[in-house]
Amino acid sequence: MTEEQTTITMEKDELLGAVSDFHSQGYRLAQICCTALGDTIEINYSFDKEYRFKNLRLSIRPDEEIQSISIIYWSAFTYENEMSELFGVKIRNIVVDYKGHFYRTAVATPFVAPEPDAGNATEKE
Amino acid sequence: MFFKKSPWIIHYDATSCNGCDIEVVASLTPMYDLERFGIVNTGNPKHADIFVVTGAVNESSRMVVKNIYDQMPNPKVVVAVGICATSGGVFRECYNVLGGVDKVIPVDVYVPGCAARPESIIDGIITALDILERRLVEFRKAKSEARRQEKKLRRYHLND
Amino acid sequence: MSQRNVIPFGPQHPVLPEPIHLDLVTEDETVIEAIPSIGFVHRGLEKLVEKKDYQDFVYVAERICGICSFMHGMTYCQAVEEIMEIAVPERALYLRTVWAELSRIHSHLMWLGLAADAFGFESLFMNCWRLREGILDIIEATTGGRVIFGSCKIGGVRRDIDDETMKGIVEKLGTIGAEIGRTTDVFLNDYSVQHRLKGIGVLSGEEAHALGTVGPVLRASGVAMDARKIDYAAYRNLKFEPVVEKAGDCHARCRVRVREIFQSVDLIGQAARKMPGGEIFVKVTGAPNGEFFSRVEQPRGEVIYYVKANGTKNLQRFRVRTPTFANLPAMVKMLEGASIADVPNIILTIDPCISCVER
Ligand code: SF4
Numbered sequence: 199m200t201e202e203q204t205t206i207t208m209e210k211d212e213l214l215g216a217v218s219d220f221h222s223q224g225y226r227l228a229q230i231c232c233t234a235l236g237d238t239i240e241i242n243y244s245f246d247k248e249y250r251f252k253n254l255r256l257s258i259r260p261d262e263e264i265q266s267i268s269i270i271y272w273s274a275f276t277y278e279n280e281m282s283e284l285f286g287v288k289i290r291n292i293v294v295d296y297k298g299h300f301y302r303t304a305v306a307t308p309f310v311a312p313e314p315d316a317g318n319a320t321e322k323e
Numbered sequence: 003m004f005f006k007k008s009p010w011i012i013h014y015d016a017t018s019c020n021g022c023d024i025e026v027v028a029s030l031t032p033m034y035d036l037e038r039f040g041i042v043n044t045g046n047p048k049h050a051d052i053f054v055v056t057g058a059v060n061e062s063s064r065m066v067v068k069n070i071y072d073q074m075p076n077p078k079v080v081v082a083v084g085i086c087a088t089s090g091g092v093f094r095e096c097y098n099v100l101g102g103v104d105k106v107i108p109v110d111v112y113v114p115g116c117a118a119r120p121e122s123i124i125d126g127i128i129t130a131l132d133i134l135e136r137r138l139v140e141f142r143k144a145k146s147e148a149r150r151q152e153k154k155l156r157r158y159h160l161n162d
Numbered sequence: 010m011s012q013r014n015v016i017p018f019g020p021q022h023p024v025l026p027e028p029i030h031l032d033l034v035t036e037d038e039t040v041i042e043a044i045p046s047i048g049f050v051h052r053g054l055e056k057l058v059e060k061k062d063y064q065d066f067v068y069v070a071e072r073i074c075g076i077c078s079f080m081h082g083m084t085y086c087q088a089v090e091e092i093m094e095i096a097v098p099e100r101a102l103y104l105r106t107v108w109a110e111l112s113r114i115h116s117h118l119m120w121l122g123l124a125a126d127a128f129g130f131e132s133l134f135m136n137c138w139r140l141r142e143g144i145l146d147i148i149e150a151t152t153g154g155r156v157i158f159g160s161c162k163i164g165g166v167r168r169d170i171d172d173e174t175m176k177g178i179v180e181k182l183g184t185i186g187a188e189i190g191r192t193t194d195v196f197l198n199d200y201s202v203q204h205r206l207k208g209i210g211v212l213s214g215e216e217a218h219a220l221g222t223v224g225p226v227l228r229a230s231g232v233a234m235d236a237r238k239i240d241y242a243a244y245r246n247l248k249f250e251p252v253v254e255k256a257g258d259c260h261a262r263c264r265v266r267v268r269e270i271f272q273s274v275d276l277i278g279q280a281a282r283k284m285p286g287g288e289i290f291v292k293v294t295g296a297p298n299g300e301f302f303s304r305v306e307q308p309r310g311e312v313i314y315y316v317k318a319n320g321t322k323n324l325q326r327f328r329v330r331t332p333t334f335a336n337l338p339a340m341v342k343m344l345e346g347a348s349i350a351d352v353p354n355i356i357l358t359i360d361p362c363i364s365c366v367e368r
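Residue numbers (the working numbering), protein chains in the order written: chain A, 199 to 323; chain B, 3 to 162; chain C, 10 to 368.
Here it is as structure tokens:
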């Protein structure tokens, strides 16, 4: 192991509190990423302070709505727009909301597309 | 006649990984010096004769590529640099990639390689020069033919 | 009351090597707001992991970006190795370090050239790119490729550099280094360069930290954060300090990169001296199961790879957060209040790599 990486799982309503905790401790927002796992979507919020890497994990159903953390970390808007566009996660109150015009992909929410192969076949023709 | 002595190129990156882009720029810089052929890199499509495209085209860049192509004056040639621009390469199966520049605009020269080496890029552009020259002759012929037809038509009208 | 105009900038623009589009809301000559929109290079390669074998995916990872291609491959390999708990031979780690530092030198030289082009110093641009060819020659001699090396694989590296060659490289870097020094002097001391860069696009340390910036942009604002300190590859055995500048303007970012070139030359020298013998790879069998966030300092800053695997040949999720993606918000903030003439400079000083951003 090159480095220690802690992951803390939490509930949807604890999100803003936990994030602002990190913010007040002086952590830097390292990244936000999404993983589609069948019927749940896993979201990882990663923070870094002096090379200590901490991870907040949130599991939601695809139709659930979550709060944007861009009011705490302004720079989160790029990640959140990405999530809502590629994964179709519903996020409330993003500071700069592109409303699906960030990437403008050929297929809507490609990472959770129902049948990727079928989608590709029609798109390539 | 001497058109091919000073063609200007325009370069656009349509979803390339940058590898081919920097090689295109590298072939313009002192080491490989494409400029010795009188070639100048321009940013304005209306000044350009050769269109160098890198990367497989995606949904958003498709319109841009088309736009640049349409803005270029006739005659014009398109050079597709890199395997991405030729067929899609490793990215062929990606959901957002159309696969190959020729899906959008007609391509005259394909430069293979991932990344295409500066030598082969230069080779591709030199090949494009000949095509450009040929196009020019055809273009002139078509123009004078059109003019002739027009004159004929006008005479016809006058006699009427 | 002056009028507000929206000026579209890009995607195809003479100073932009890559397509990004910005809507600049301006009042007279001043930018009030900048709204970036991307997507011209989005390929969707993260989803390719579902179709490709995890060992073959190194090739795709290398092609995320042609500038730091080796480092992308290396970060991916590190992530998988970490999950599978593979002990990579020491020599391979050193070789990776050497190639990574060579990439950094060539990337920074390339950036210096592009920056010179952006402020209209054509001969300086040509000179930087000429010097860069010297580095590319070394890379080509040792890996066979100029931009895509293909020399990293899971479990180690594909090629070895013998000691004779290694000595030659260090020597050659010495001579190129002297030449680079003469050119970078222009960046550091020339009046016209300072005139274009000093005091432009200032980002304070707190702002930079709050905006989550990484790499030279963060370090130019006085925050010493360099992901190489996480001790991946051979960096734990090498001595170096993150390069830090205080001013936070465009010129400071330029100075950071100039100094990093020489730091990299030094690191390669150290690595050459300490490089142990032995194997360069271990055989890898089986499939990864687990997850890891792998972090590497690329020329543009810290990159984060997230790899999640479930014990099959295809990974479950592969995600890249590239440095430019983290620097975009900072760029937007810096553009606010800048004058139109400085926009190209500011955009370039974050060293945007758009194909990284959109993958
Ligand atoms: S052909 Fe290879 S180097 Fe060129 S743009 Fe495509 S992936 Fe990159």
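Glycine included, every Cβ here is placed at the ideal spot set by N, Cα and C.
All values reported here derive from a predicted model rather than from experimental measurement.
Residue range 226–235 is occupied by the beta strand (DSSP E) that includes I230/A, with no alpha helix (DSSP H) assigned at that position. Annotation: E262/A to C232/A spans about 14 Å, alpha carbon to alpha carbon. Residues of chain C whose Cβ lies closer than 7 Å to the Cβ of I24/B are, in chain order, G75, I76, M119, V156.
Between the ligand SF4 and A118/B, a heavy atom-to-CB distance of less than 8 Å is present. Two segments are said to touch when three or more pairs of C-beta atoms, one from each, lie closer than 8 Å; by this definition the stretch 117–129 of chain C does not touch the stretch 60–69 of chain C. Sequence-distant Cβ neighbours of M119/C in its own chain, meaning closer than 8 Å and more than five residues away, are I76, C137, W138, R141. Judged by DSSP secondary structure, N246/C falls outside any beta strand (DSSP E); it is assigned neither H nor E. Taking 9 Å as the cut-off, the beta carbon of L33/C is found no closer than this to the beta carbon of L337/C. Y68/C reaches chain B at V92, counting residues in chain order whose Cβ is nearer than 7 Å. Excluding residues up to 5 positions away in sequence, I11, H13, L30 lie with their Cβ nearer than 7 Å to the Cβ of N43/B in the same chain. Taken atom to atom, the span from the alpha-carbon of S282/A to that of D240/C is near 34 Å.
At a cut-off of 9 Å, the C-beta of H51/C has a neighbouring C-beta in chain A.
A direct Cα-Cα distance of roughly 21 Å separates F18/C from G57/B.
Per the C-alpha coordinates, the member of V352/C, V179/C, R368/C, G177/C positioned closest to A124/C is V352/C. Per DSSP, A229/C is not a residue of any beta strand (DSSP E), being assigned neither H nor E.
Residue contact with chain A for E36/C: absent (no Cβ-Cβ distance below 9 Å to any residue of chain A). Runs of the beta strand (DSSP E) lying entirely within the stretch 255–314 of chain C, each at least 3 residues long, are 298–307 in chain order.
By alpha-carbon distance to A130/B, the top candidate from G40/B, I52/B, C19/B, L36/B is I52/B. Under the DSSP definition of a beta bridge, F245/A partners with L227/A, K252/A. G143/C is outside the set of residues whose beta carbon lies under 9 Å from a beta carbon in chain A. Taking the Cα of V97/C as reference, the smallest distance to any Cα among A242/C, R328/C, I355/C is reached at A242/C. With a threshold of 16 other beta carbon atoms within 10 Å, Y103/C meets it and is buried. Residues of the stretch 91–119 of chain B with a Cβ closer than 7 Å to any Cβ of chain C, in chain order: V92, F93, E95, C96, Y97, N98, V99, C116, A117, R119. Taking the Cα positions, T17/B is about 9 Å away from E367/C. Among the residues of chain B, those whose CB is under 7 Å from the CB of C362/C are N20, following chain order.
Taking a 10 Å sphere around the C-beta of R149/B, we find fewer than 16 other C-beta atoms and assign the residue as exposed. In the three-state scheme derived from DSSP, where H, G and I count as helix and E and B as strand, K60/C is classed as coil. If you check the C-beta of D199/C against the ligand SF4, you find no heavy atom less than 8 Å away. Remark: the C-beta of V329/C is outside contact range of the ligand SF4, defined as less than 8 Å to any heavy atom.
Against chain C, a Cβ distance below 7 Å from M33/B picks out R139, E142.
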